[in-house]
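Novice:
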Amino acid sequence: MNMKYALSSILLCFSLFCLPSCNDNETPASTPDGEEVEEVIKSYDWQLEGKWEYASNNGNDFSRTLVFEKDGKGSYDDGTLEWYCSNNHLYIDFDNGKSIKDCDYLFYGATLQLKSPQLSYILDCPFIGSWLASDAHNHFTGSTFYYTFAADGNAECFTFNTSGIWESQKYSWLRTQDGIQLLSNMANKNLICEADAEKLTIQGDGDFSHTSPFYGKWKSVYSQDGIIDEKDENFSTIELYQRTDDDYFVYYEKDNKYASFQGPMSILLPNRALLINPADGSDPLFLYFRFYYSKDSEKVYLELSKDNSFTEYTRYEFVTTL
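Numbering (mature numbering (1 follows the signal peptide of the UniProt record, and there is no 0)), first residue to last: -23 to -1, 1 to 299.
1. Candidates 283, 198, 291 and 222: which alpha carbon is nearest residue 274's?
2. What does a CB cutoff of less than 6 angstroms around residue 264 pick up in its chain, not counting 5 residues either side in sequence?
3. Would you mind sorting residue 23 into buried or exposed? The rule is 16 or more other CB atoms within 10 Å of its CB.
4. Taking the beta strand (DSSP E) that residue 131 belongs to, which residues open and close that run?
5. Provide the residue span of the beta strand (DSSP E) that contains residue 80, from first to last.
6. Which of helix, strand or coil does DSSP assign to residue 43?
7. Determine which residues share a DSSP beta bridge with residue 184 and list them.
8. Quick check on DSSP: helix, strand or coil for residue 24?
9. Specify the secondary structure class of residue 160 as computed by DSSP and reduced to three states.
10. From residue 323 to residue 242, what distance separates their C-alpha atoms?
11. What does the alpha-carbon distance come out to for the pair residue 253 and residue 262?
12. Tell me the DSSP bridge mates of residue 204?
13. With distance defined between alpha-carbon atoms, name the residue in 119, 279, 259 and 195 nearest to residue 305.
14. What is the rounded straight-line gap between the Cα of residue 32 and the Cα of residue 44?
15. Hey, residue 225 and residue 218: beta-carbon distance below 7 angstroms or not?
16. Do you know how far the Cα of residue 188 is from the Cα of residue 299?
17. Do residue 42 and residue 26 count as a contact pair if the criterion is CB distance below 7 angstroms?
18. Considering only the alpha carbon of each residue, which of 20, 66 and 268 lies closest to residue 50?
19. Secondary structure at residue 249, three-state DSSP: helix, strand or coil?
20. Who does residue 294 pair with in a DSSP beta bridge?
21. Once the 5 residues before and after residue -23 are set aside, which same chain residues still bring their CB inside 6 angstroms of it?
22. Could you please give the first and the last residue of the uninterrupted beta strand (DSSP E) stretch that includes residue 51?
23. State the DSSP-derived secondary structure class of residue 225, mapped to helix, strand or coil.
24. Let me check understanding here. Comparing Cα to Cα, which of 183, 245 and 149 lies closest to residue 110?
25. Can you look up residue 316 in the DSSP assignment and give me helix, strand or coil?
26. Looking only at its own chain, which residues have a Cβ that is under 6 angstroms from the Cβ of residue 149, when we skip the five neighbours before and after it?
27. Measure the alpha-carbon distance for residue 186 versus residue 47 and round it to whole angstroms.
28. Mind checking whether the beta-carbon of residue 57 lies closer than 6 angstroms to any heavy atom of the ligand ADP?
29. Taking only three categories from DSSP, how would you classify residue 282?
30. Mind reading off the beta-carbon distance from residue 212 to residue 231? Whole number of angstroms is fine, and I expect it under 8 angstroms.
31. Hey, would you say residue 134 sits closer than 7 angstroms to residue 156, going by beta carbons?
32. Please state whether the Cβ-Cβ distance between residue 108 and residue 177 is less than 7 angstroms.
33. Nearest to residue 79 by CA position, among 147, 92, 272 and 146, is which residue?
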């Protein structure tokens, strides 16, 4: 009997130690009515951090600006907010009593797309815009001439082929913790980089200035017929100005102090064309463009043509910024 009693005591103690603890994190909490409530595991998606400006145009009354801070705090137009992520969904509580719950969200470049409610916000992000290789017009030796990163997630990378004519690869892009990831059907490319308002530095690819390759004063140096000298009758200069509204195009013939042709200009990058509306009211003019790289001079030139076959064209050398 003593042995049976001892074994019973041991089994009782063992069963008590095996019971679940009241402090176990996997144990659901309970409401006052005894109903189990699933524990919420909060996380903070780093991609949400920053200042977001409203991009949708569907007439709802949500905030124009959202600011998400690292610790789950933040602000909006008229007050403060708290936010977190759980199970890949976004939760936002505004101090005015409004909230966003269990919301799917996606990123496209610097655009945040919320699913319910359907809202779009654009991040205050230095990557957005056009980036030209530093000193590209004077002494270009790098592999990449020009990048464009649109807020909606579209990107384009311009390089030169063996003939010196520029070509491009189109991508979609996403932010990463150390830069940018470019995505395409052909291959993905990770750019380890950092940027501010003026400069983009890409590891292995050099420095880029926050500008376009078009603007400035250019002089003609070559055509399909050969070299153009400043003494030649077909010599010309052009000036391309960047403006807040429409850009502006000015054309000067040889030794002429006054513009022979000018007007507001739009750069149609997808069409590889300049659309110019002449100041004299005549019909709009399309000038197709491409860039050419000479290994001999280590310079990049702008070529313009009235047709996209470039059977006839004028090659311009960059002179100075305006």
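C-beta atoms are modelled at their ideal positions from N, C-alpha and C, and glycine is treated no differently.
Specialist: This is what the structure holds:
1. Translated into positions along the sequence shown, residue 274 becomes position 297. Residue 274 has its Cα closest to that of 198, out of 283, 198, 291 and 222.
2. The count along the sequence shown starts at 1 and reaches residue 264 at position 287. Around residue 264: 251 and 281.
3. Counting from 1 along the sequence shown, the entry for residue 23 is found at position 46. Looking at its Cβ environment, which holds fewer than 16 other Cβ atoms inside 10 Å, residue 23 is exposed.
4. Numbered from its first residue, the sequence shown carries residue 131 at position 154. Here the beta strand (DSSP E) through residue 131 covers 131 to 137.
5. Position 103 of the sequence shown, counted from the first residue, corresponds to residue 80. From DSSP, the beta strand (DSSP E) with residue 80 extends over 76 to 80.
6. For the purposes of this step, residue 43 is taken as the residue at position 66 of the sequence shown. In the structure shown, residue 43 sits in a strand (DSSP, three-state: E or B).
7. The residue you call residue 184 lines up with position 207 of the sequence shown. Looking at the DSSP assignment, residue 184 forms a beta bridge with 178.
8. Counting from one through the sequence shown, the residue named residue 24 turns up at place 47. In the structure shown, residue 24 sits in a helix (DSSP, three-state: H, G or I).
9. In the sequence shown, residue 160 corresponds to position 183, counting from 1. Of the three classes helix, strand and coil, the one that applies to residue 160 here is strand, per DSSP.
10. The structure shown has nothing for residue 323, since the chain only spans -23 to 299.
11. If you number the sequence shown from 1, residue 253 lands on position 276. If you number the sequence shown from 1, residue 262 lands on position 285. Their Cα atoms are separated by approximately 5 angstroms.
12. Translated into positions along the sequence shown, residue 204 becomes position 227. Partner(s): 199.
13. The displayed coordinates of the chain run from -23 to 299. Any statement about residue 305 would go beyond what the structure contains.
14. Walking along the sequence shown from the start, residue 32 turns up at place 55. Walking along the sequence shown from the start, residue 44 turns up at place 67. So the alpha carbons of these two residues sit roughly 14 angstroms apart.
15. Along the sequence shown, read from residue 1 onward, the residue named residue 225 stands at position 248. Along the sequence shown, read from residue 1 onward, the residue named residue 218 stands at position 241. Their beta carbons are under 7 angstroms apart, which means residue 225 touches residue 218 by this criterion.
16. Numbered from its first residue, the sequence shown carries residue 299 at position 322. Numbered from its first residue, the sequence shown carries residue 188 at position 211. Each residue's Cα considered, the two are about 13 angstroms apart.
17. As a working mapping, residue 26 is identified with position 49 in the sequence shown. As a working mapping, residue 42 is identified with position 65 in the sequence shown. The answer is no: Cβ separation not under 7 angstroms.
18. Taking the sequence shown and counting its residues from 1, one reaches residue 50 at position 73. When each option's Cα is compared against that of residue 50, the closest is 20.
19. As a first step, residue 249 is located in the sequence shown; it is residue number 272 there, counting from the start. Three-state result, residue 249: coil.
20. Position 317 of the sequence shown holds residue 294. Beta-bridge pairing links residue 294 to 196.
21. What you label residue -23 is simply residue 1 of the sequence shown in a count that begins at 1. At residue -23 the pLDDT is 45, less than 50, meaning the model places this residue with poor confidence and gives no usable figure here.
22. Here residue 51 refers to the residue found at position 74 of the sequence shown. Looking at the DSSP string, the run of the beta strand (DSSP E) that includes residue 51 is 50 to 53.
23. Walking along the sequence shown from the start, residue 225 turns up at place 248. In the structure shown, residue 225 sits in a strand (DSSP, three-state: E or B).
24. The count along the sequence shown starts at 1 and reaches residue 110 at position 133. Per the Cα distances, 183.
25. The question about residue 316 has no answer here: the residues shown for the chain are numbered -23 through 299.
26. On the sequence shown, position 172 is the one that residue 149 refers to. Result list for residue 149: 130 and 160, in chain order.
27. Counted from its first residue, the sequence shown places residue 186 at position 209. Counted from its first residue, the sequence shown places residue 47 at position 70. For residue 186 and residue 47, the distance between alpha carbons rounds to 30 angstroms.
28. No copy of the ligand ADP appears in this structure; indeed no ligand is present at all.
29. Translated into positions along the sequence shown, residue 282 becomes position 305. Reduced to three states, the DSSP call for residue 282 is strand.
30. Position 235 of the sequence shown, counted from the first residue, corresponds to residue 212. Position 254 of the sequence shown, counted from the first residue, corresponds to residue 231. About 4 angstroms; that satisfies the 8 angstroms criterion.
31. Along the sequence shown, read from residue 1 onward, the residue named residue 134 stands at position 157. Along the sequence shown, read from residue 1 onward, the residue named residue 156 stands at position 179. Cβ distance not < 7 angstroms, so residue 134 and residue 156 don't count as in contact.
32. What you label residue 108 is simply residue 131 of the sequence shown in a count that begins at 1. What you label residue 177 is simply residue 200 of the sequence shown in a count that begins at 1. Yes, Cβ-Cβ distance for residue 108 and residue 177 is below 7 angstroms.
33. Position 102 of the sequence shown, counted from the first residue, corresponds to residue 79. Closest option to residue 79, Cα to Cα, is 92.
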